[in-house]
Every structure is written in C-alpha cells, then in structure tokens.
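Some notes on the structure that comes next.
Residue numbers (the UniProt record's numbering): 1 to 74.
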C-alpha cells in the first residue's frame, strides 16, 4: 500500500517540477528579450537600406516603437 503512495508522490513531484521549470524559463526568456531585443535601430536601418528604402530617423523610431508595443502587449 505504501508503494503506490510513493509512486503517486513521485509523479506529482515530477509534474510540479516540469510546470515550475517551464514558468521560470519563460519568465527568464521574457526578461532577457526585453533587456536585449533581437533587433535594434542599426539593424533596422541596414534592413531598410537593403530593401532599397532610404530610412529616415522618424520612420525608424516609429517602427521601433511599434515593435516594442507589440512585445509589451504579449
């Protein structure tokens, strides 16, 4: 009888560990991406120049603001 209790406790602890690990990893990645965004103004300027557009500072700021707003809304 005590063997199945240990098995149940083991399964519950395993599931709790997986869930806790997932949420800790998710929180860490969200804060990492907020501190180190995957794209910055220089990368955006280079991308626009490669596409044949002449990027103005106003347009770049507008696109960065839109990307940051989208990141914050998630």
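Beta carbons: idealized from backbone N, C-alpha and C, even for Gly.
Round the Cβ separation of residue 55 and residue 48 to the nearest angstrom and send it over; I've been treating them as touching at under 8 Å. 4 Å
Does the distance from the C-beta atom of residue 64 to that of residue 33 stay below 8 Å? no
Limits of the alpha helix (DSSP H) - the one that residue 21 falls within: 2-35
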